[in-house]
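Structure first, commentary second.
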Amino acid sequence: MEQALTYRGVARKALDWVRESRYTSTQIVIGAFLAMILVGTLLLMLPYATTGPRIRFVDALFTMTSAICVTGLIVLDTPKDFTLFGQLVILLGMQIGGLGYSATATLLLLALGRRIGLRERMMMMEVLNTLSMEGLVRFVKVIVAITLIVEGIGAAILTARFSFEMDGLRALYFGIFHAVSAFNNAGFSLFSENLALLAYRTDLIVNLTITTLIVLGGIGFLVYRDVLENVRGQRFRLSTHTKLAVLVSVLLIAVGTVGIWAFEVQNEKTLAPMPFGDQVLVAYFHSISARTAGFSTIDVGAVATPTLYFLILLMIIGASPGGTGGGIKTTTFGIICAAIWATLKGRADVMMFHRRIPQEIVHKAFVLSALAFGLVTGFTMILSYLENQKFIRIMFEVASAAGTVGLSTGDGGVLSLSALFSDFGRFIIIITMFLGRLGPLTVGLFAVKRHEDLHYRYPEARVVIG
5 MEQALTYRGV ARKALDWVRE SRYTSTQIVI GAFLAMILVG TLLLMLPYAT
55 TGPRIRFVDA LFTMTSAICV TGLIVLDTPK DFTLFGQLVI LLGMQIGGLG
105 YSATATLLLL ALGRRIGLRE RMMMMEVLNT LSMEGLVRFV KVIVAITLIV
155 EGIGAAILTA RFSFEMDGLR ALYFGIFHAV SAFNNAGFSL FSENLALLAY
205 RTDLIVNLTI TTLIVLGGIG FLVYRDVLEN VRGQRFRLST HTKLAVLVSV
255 LLIAVGTVGI WAFEVQNEKT LAPMPFGDQV LVAYFHSISA RTAGFSTIDV
305 GAVATPTLYF LILLMIIGAS PGGTGGGIKT TTFGIICAAI WATLKGRADV
355 MMFHRRIPQE IVHKAFVLSA LAFGLVTGFT MILSYLENQK FIRIMFEVAS
405 AAGTVGLSTG DGGVLSLSAL FSDFGRFIII ITMFLGRLGP LTVGLFAVKR
455 HEDLHYRYPE ARVVIG
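Shown next, in the form of structure tokens:
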């Protein structure tokens with residue numbers, strides 16, 4: 005009892021410090037993610053967190069960053085190298101990382117009976133990508149409820165399926181772990197070969213359950229909020245954001261499925277030996293997993309080079325805003341496509357669903373894409389110079405880390421390509437995962453001092469481009 009009161013007091017003091025500090029909400033969010041990663045790293049370095057000798061700091065840091073940033077890249081085999089305690093630390097990291105620091109902090113404040121102040125609401129806006137503070141606390145409660153319900157249903161289905169191959173308690177644990185991993189788009193698996201075991205590669209129940217959880221987690225909680233308001237009669241039409249996020253997601257799933265199937269149908273190491281139905285199922289699975297989650301049912305290291313480039317594009321696009329995935333986001337990609345089309349048509353405004361997109365949003369979409377491109381390109385060049393690996397494999401690993409995906413061409417065994425990197429190379433991937441989870445635009449706003457808009461404008465000048 006006294007120990008519980010002590011923890012409660014520490015939590016209160018920490019939250020009071022955050023509230024009274026002069027740091028911006030962006031700086032606090034970044035600091036909170038770093039703190040959670042550090043705590044998780046120290047827990048994984050405990051003797052009873054691993055099955056063998058105590059793991060090195062860089063490996064523990066890599067694993068916890070991958071969990072908190074819901075990526076899924078691994079340099080240690082999750083089921084073999086970590087004990088139940090270590091796996092539970094990873095599981096908790098995935099859950100907190102998927103919900104976001106703001107949602108977790110809000111729940112803690114509510115549990116302590118504290119009022120949610122302006123600073124906390126600003127942090128929630130930062131992490132959840134909302135445009136308004138209205139109803140944020142209620143929104144967080146809805147997020148948690150949806151998360152637990154969806155994960156619970158997914159866990160029940162997977163538990164029932166896994167129970168055919170393992171005992172009930174083990175099946176329940178596997179079901180919960182993979183449901184949480186899938187919904188939070190983390191990609192961690194308790195199967196050493198991920199989901200590539202022949203029993204699940206073409207298993208309709210496992211494939212559809214995992215992909216449904218991935219989509220529901222990656223579509224974004226803003227979409228849930230919009231749909232719920234419509235169901236309750238508070239609104240009469242879906243927002244442009246919801247329409248765009250859903251439309252782009254559906255198109256990417258369809259195009260991704262066809263593209264992966266077309267590139268791999270003749271590959272004897274992947275799809276060629278399978279019947280047509282299984283080929284489509286595997287292509288569909290990776291079309292969804294490649295954008296956010298990182299689960300795999302085939303050897304990604306064996307896919308053709310064009311497929312790797314195609315998957316890189318999907319990984320960079322990623323999930324939708326306010327969701328558990330990374331990338332530049334589906335709405336950003338949609339706005340860029342619409343802006344390009346408007347420019348080619350000679351139109352001044354970018355139009356979507358009979359609505360005009362503000363120029364500020366269009367500019368941010370292009371800036372975000374440019375920063376993401378610079379992030380992937382820069383770290384790929386650095387690692388290509390440092391590590392003795394093929395360029396395409398390194399680019400794939402960096403794109404996977406930046407998009408917080410977790411797919412990898414592998415180390416020749418069950419680990420990610422990063423397992424073959426030097427310690428410095430692993431630190432580069434760690435930084436990439438962290439920046440990818442926060443978002444290049446958030447990091448840019450943090451790094452660059454912002455100034456108020458000028459109250460005057462210079463004369464316009466024409467510059468020849470193209």
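Our numbering puts the first residue of the sequence shown at 5, with every later residue one more than the last. Even glycine gets a Cβ: it sits at the ideal position worked out from N, Cα and C.
Q: Using beta-carbon positions only, say whether residue 179 and residue 305 come within less than 8 Å of one another.
A: no
Q.
Determine whether the beta carbon atoms of residue 217 and residue 154 lie at a separation below 8 Å.
A. yes
Q) Is it true that the CB of residue 309 sits closer than 8 Å to the CB of residue 264? A) no
Q) By DSSP, does residue 377 sit in helix, in strand, or in coil? A) helix
Q: Using the DSSP secondary-structure output, state which residues sit across from residue 54 in a beta bridge.
A: 86
Q) Around the Cβ of residue 463, are there at least 16 other Cβ atoms within 10 angstroms (buried) or fewer (exposed)? A) exposed
Q: Inspect the beta-carbon positions of residue 335 and residue 252 and report whether they are closer than 8 Å.
A: yes
**Q.** Whole-number beta carbon distance between residue 71 and residue 101, since they are thought to touch under 8 Å
**A.** 6 Å
Q. Residues bridged to residue 441 by DSSP?
A. None, per the DSSP bridge assignment.
Q: Measure the alpha-carbon distance for residue 196 versus residue 330 and round it to whole angstroms.
A: 24 Å
Q: Report back the beta-carbon spacing between residue 98 and residue 190 to the nearest angstrom; my notes put them in contact at under 8 Å.
A: 4 Å
Q: With DSSP as the reference, please indicate the residues paired to residue 170 in a beta bridge.
A: In DSSP, residue 170 forms no bridge with anything.
Q.
For a minimum of 4 consecutive residues, which ranges assigned as the alpha helix (DSSP H) are wholly contained in the segment 252 to 284?
A. none
**Q.** residue 355: first and last residue of the uninterrupted alpha helix (DSSP H) it sits in
**A.** Premise fails: residue 355 lies in the beta strand (DSSP E), 354 to 356, not in any alpha helix (DSSP H).
**Q.** Local Cβ density within 10 Å of residue 364, reported as buried at 16 or more and exposed below that
**A.** exposed
**Q.** residue 52 vs residue 86 beta-carbon contact at 8 Å
**A.** no
Q: Assuming residue 409 contacts residue 296 (C-beta within less than 8 Å), just tell me the rounded distance between them.
A: 6 Å
**Q.** Cβ pair count under 8 Å reaching 3, the segment 274 to 288 against the segment 364 to 380
**A.** no
Q | Reduced DSSP category for residue 434 - H, G, I as helix; E, B as strand; rest coil | A | helix
Q. If you compare alpha carbons, which of 303, 255, 326 is closest to residue 271?
A. 303
Q: Go to residue 60, then tell me how far its alpha helix (DSSP H) extends in each direction, as first and last residue.
A: Run containing residue 60: none; DSSP gives neither H nor E here.
**Q.** Minimum length 4: unbroken alpha helix (DSSP H) runs contained in the segment 185 to 245
**A.** 202 to 205, 208 to 222, 225 to 235
Q. Looking at the unbroken beta strand (DSSP E) that takes in residue 360, where does it start and where does it end?
A. 359 to 361
Q.
Looking at the secondary structure, which residues open and close the alpha helix (DSSP H) in which residue 302 lies?
A. Note, residue 302: premise wrong, no alpha helix (DSSP H); not H, not E.
**Q.** Coil, strand or helix - residue 466 by DSSP
**A.** coil
Q: Look at the Cβ atom of residue 401, then the Cβ atom of residue 421, and state whether they are nearer than 8 Å.
A: yes
Q.
One question on the structure: do residue 386 and residue 405 come within less than 8 Å of each other, judged by their Cβ atoms?
A. no
Q) Does the separation of the CB atoms of residue 398 and residue 324 fall below 8 Å? A) no
(Q) My output table needs one value for residue 98: the three-state DSSP class, helix, strand or coil. (A) helix
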